[in-house]
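So the sequence shown is numbered by my numbering: it starts at 181 and just counts up by one. Think of the CB as a built atom: it goes at the ideal place given N, C-alpha and C, for glycine as much as any other residue. One structure below.
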Amino acid sequence: MGGRYVLEREGAFYWMGGDPFGDYWEGREVPTDERLTWLAPVRPSIVVAIGLNYKDHASEMNKKLPEEPLVFLKPPSAVAGPDEPVRLPAWAGRIEHEAEMAVVIGRTASRVVAADAMRYVLGVTCLCDVTARELQVKDVQYSRAKGFDTFAPLGPCIAVGLDPSNLAIEGWVNGERRHQSNTDQLIFPVPVLIEHVTRFMTLQPGDIITTGTPSGVGALTPGDRVMVKVEGVGTLSNPCVAA
Ligand code: MG
Numbered sequence: 181m182g183g184r185y186v187l188e189r190e191g192a193f194y195w196m197g198g199d200p201f202g203d204y205w206e207g208r209e210v211p212t213d214e215r216l217t218w219l220a221p222v223r224p225s226i227v228v229a230i231g232l233n234y235k236d237h238a239s240e241m242n243k244k245l246p247e248e249p250l251v252f253l254k255p256p257s258a259v260a261g262p263d264e265p266v267r268l269p270a271w272a273g274r275i276e277h278e279a280e281m282a283v284v285i286g287r288t289a290s291r292v293v294a295a296d297a298m299r300y301v302l303g304v305t306c307l308c309d310v311t312a313r314e315l316q317v318k319d320v321q322y323s324r325a326k327g328f329d330t331f332a333p334l335g336p337c338i339a340v341g342l343d344p345s346n347l348a349i350e351g352w353v354n355g356e357r358r359h360q361s362n363t364d365q366l367i368f369p370v371p372v373l374i375e376h377v378t379r380f381m382t383l384q385p386g387d388i389i390t391t392g393t394p395s396g397v398g399a400l401t402p403g404d405r406v407m408v409k410v411e412g413v414g415t416l417s418n419p420c421v422a423a
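Right under this line is the structure:
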């Protein structure tokens, strides 16, 4: 991936020097007339996703609440940036949106305890866990249903310094609100998820844990525009096109 990191402060953008996961500094202001294409704010080596982490979503799926976090993976090839088209293959059947808050890991994390977990978080972002619902049911395993190219749009930025335990979250399609909740409704909160995942998997800087969707999932079709909003992060907005 080409591209450079940019820092946002009070509405202005500055080129970032150094390493966003280490020491970095603010460079010159990015001229407003400069034509920029915003990429996904991070290139994860893996996207770890959590299923059924809001009670209202578990009920809408007629699923029992998990006794421990339900973990699946989305491949890095599924990542798409802000405004990048989500490509919907007609043969995949019904495809749905899931609005999620995602956590960006800031440092190598292995066998982290919950009490210590927030030290491993760089920040939070928005993620749309696009899902081919019929394939999810058919396959039982989630890899294909959740793993298509562009099925993990994320961004528009990594917001640092937020408390991920109390953020409003919304999902919109074509200007209609489909999801409305708060991350205080997570069954397994972020520190518990980090402890659970790093008990068996080492996470690298830039890796993502996406924390699950509240209720409100629904179909996406070509021509739709899907948006995920997380308080303090902003709006991730993506058009949907036929693959
Ligand atoms: Mg999901």
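Can you give me the Cβ contacts of residue i inside the same chain, cut-off strictly under 8 Å, excluding the 5 residues immediately before and after it?
{"i": "LEU400", "result": "VAL266, LEU268, ILE275, GLU276, HIS277, VAL310, VAL353, VAL406, CYS420"}
{"i": "ASP319", "result": "ALA325"}
{"i": "ARG379", "result": "ARG291"}
{"i": "SER225", "result": "PRO256, GLN384, GLY386, ASP387"}
{"i": "SER395", "result": "TYR234, ASP236, HIS237, SER239, GLU240, HIS359, SER361"}
Do you know offhand how far residue i's Cα is from residue j's?
{"i": "GLU375", "j": "HIS237", "result": "23 Å"}
{"i": "TYR204", "j": "VAL259", "result": "24 Å"}
{"i": "VAL372", "j": "ASP213", "result": "44 Å"}
{"i": "ARG313", "j": "ARG358", "result": "17 Å"}
{"i": "ALA270", "j": "MET381", "result": "34 Å"}
{"i": "ALA282", "j": "GLY191", "result": "22 Å"}
{"i": "PRO221", "j": "VAL292", "result": "24 Å"}
{"i": "ILE367", "j": "GLU247", "result": "10 Å"}
{"i": "ASP364", "j": "GLY398", "result": "23 Å"}
{"i": "PRO344", "j": "VAL370", "result": "7 Å"}
{"i": "ASN418", "j": "PRO262", "result": "6 Å"}
{"i": "GLY327", "j": "ARG189", "result": "34 Å"}
{"i": "GLY182", "j": "ARG223", "result": "11 Å"}
{"i": "ARG299", "j": "VAL340", "result": "12 Å"}
What does a CB cutoff of less than 6 Å around residue i pick up in its chain, not counting 5 residues either side in sequence?
{"i": "GLN360", "result": "GLU350"}
{"i": "LEU342", "result": "VAL304, GLY412"}
{"i": "THR415", "result": "MET407, LYS409"}
{"i": "ALA348", "result": "ASN362, GLU411"}
{"i": "PHE193", "result": "VAL186, VAL210"}
Kindly give me the distance between the Cβ atoms of residue i and residue j, rounded to whole angstroms, as I take these residues to be in contact under 8 Å.
{"i": "VAL408", "j": "CYS306", "result": "4 Å"}
{"i": "GLY335", "j": "TRP218", "result": "7 Å"}
{"i": "ASP387", "j": "VAL251", "result": "13 Å between Cβ atoms; not a contact."}
{"i": "PHE331", "j": "LYS254", "result": "7 Å"}
{"i": "LEU315", "j": "ALA272", "result": "6 Å"}
{"i": "GLU280", "j": "THR390", "result": "5 Å"}
Given residue i, which residues of its chain have a CB within under 7 Å of its CB, disregarding the five upstream and five downstream residues?
{"i": "ASP329", "result": "SER257, ALA258, ARG267"}
{"i": "TRP195", "result": "ARG184, VAL186, GLY207, ARG208, VAL210"}
{"i": "PRO385", "result": "PHE201, ILE285, GLY286, ARG287, THR288"}
{"i": "ALA423", "result": "ARG267, LEU268, PRO269"}
{"i": "GLY231", "result": "LEU250, PHE252, GLY392"}
Just to confirm, does residue i get its C-beta within under 8 Å of one of the non-hydrogen atoms of the ligand MN?
{"i": "PRO211", "result": "Of the ligands one can find in the structure shown, namely the ligand MG, none is the ligand MN."}
Around the ligand MG, which residues pass a check of Cβ closer than 5 Å to any of its heavy atoms? GLU278, ASP309, THR393
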